[in-house]
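Below is one structure; the comments refer to it alone.
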Amino acid sequence: MDPKLQQSAFYAVLALAVLAAIGGGLVTHGAEGMAFGLFASFTLGGSVMCIWERSVVRSAFSLMATFMGVAGLFVLLGHDFLAMAQILIYVGGILALLLFGVMLTPPDLTERKLTRVGGAVVFVFGGAGLVWNHVQNATRSLAVLPPEELTEATTQDRAIGLAFLHPEQYVVAFELAAFLLTVALVAAVYIARRRTEDFEPEEVA
Amino acid sequence: MGVEAYMAVAGVLFALGIVCIISRRNILYVLMGVEMILNAANINFVAFNRFGNGGMEGRMFAIFVIILAAAEAAIALAIVLNVFHLFQSVRPSEADILRD
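Residue numbers (the numbering used here), protein chains in the order written: chain A, 92 to 296; chain B, 10 to 109.
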């Protein structure tokens, strides 16, 4: 099949799936369902595109749709602080790091094999289908509230900040996370540095 | 939308992350797949926090997952650059020695 035609067909199917998700959400759950359909299709469509695309740059940028969709789902769940942190850290930090990785390694446009991707899809989703029955049995015992019994979601930034610094809650984990980030960044610089023996001795004129 | 809808999205995202890891021959795709998997776990944490008993354990877990993901991305990228420098290739299967 012609690659250009393949690409157009993929995008057409993706766009139709997004529209179907938004429309289906609107019909079944009203405005909230529409927003859920939009964010969920962003999340899943972005990752499907990431797997599909030949070029790593396109994959990395389509991952931005995934991260934004997840941030939108956090907003729908009433966790605005997490949504903000998601955008700040994932889109602003991790995606920028990935793009650095893309820029510093050579492109390989022949690496994607649709047979391999299809095989992986069959393997993973088939395996998930095999355990689906057990998952349903397990979720039946979960103590979750139905949507209509939920209280209004309130912003809890202050509670998060206090929980981080409360001696009986998360202060140890908070300090450990700070320590871990420091160690990780120093270690990343140490691992990625160019060693002196890598540099060619300069020509002396 | 109930908790099942969010669980379904998280489950499919997790599966897509695994597909991304095992079907592409480039270390960067492995990193992207890991990010997808972490995001799927985060959706589940936050959804159960919202539909659970009103505590805040789920969201604190999600915050720590995001922090760990940031540290992991920095280290992993440094390793990718080193692997490329050492093997002149970004295929995971070709990085098969620790040092020469």
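Note that CB positions come from ideal geometry on N, CA and C, so glycine has one too.
Around the beta-carbon of GLN97/B, fewer than 16 other beta-carbon atoms lie within 10 Å, marking it exposed. For the set LEU200/A, LEU221/A, ALA283/A and ALA211/A, the Cα lying nearest the Cα of PRO94/A is the one of LEU200/A.
The three-state secondary structure of HIS170/A, taken from DSSP, is coil. As the crow flies, the alpha-carbon of ALA254/A is around 41 Å from that of VAL212/A.
With a cut-off of 8 Å on Cβ pairs, the stretch 20-37 of chain B is not in contact with the stretch 63-74 of chain B, counting fewer than three such pairs. Setting aside the 5 residues that flank it on each side, VAL139/A is surrounded in the same chain by LEU105, each with a C-beta closer than 8 Å to its C-beta; the list follows chain order.
Between TYR181/A and PRO237/A, the alpha-carbon positions lie close to 31 Å from each other. Contact annotation: ALA151/A and LEU190/A have beta-carbon atoms nearer than 8 Å. When the beta-carbon positions are compared, PHE127/A and MET10/B come within less than 8 Å of each other.
Any Cβ of chain B closer than 8 Å to the Cβ of GLU259/A would place that residue at the interface, and such an atom is absent. DSSP, read as helix, strand or coil, puts ARG284/A in coil. At a C-beta separation below 8 Å, PHE93/B has these neighbours in chain A: LEU195 and THR196. Taking a beta-carbon distance threshold of 8 Å, LEU22/B counts as an interface residue toward chain A. Note on geometry: alpha-carbon atoms of ILE178/A and GLY163/A lie some 10 Å from one another. Per the Cβ contact rule, the stretch 270-286 of chain A is in contact with the stretch 75-85 of chain B (3 or more Cβ pairs under 8 Å).
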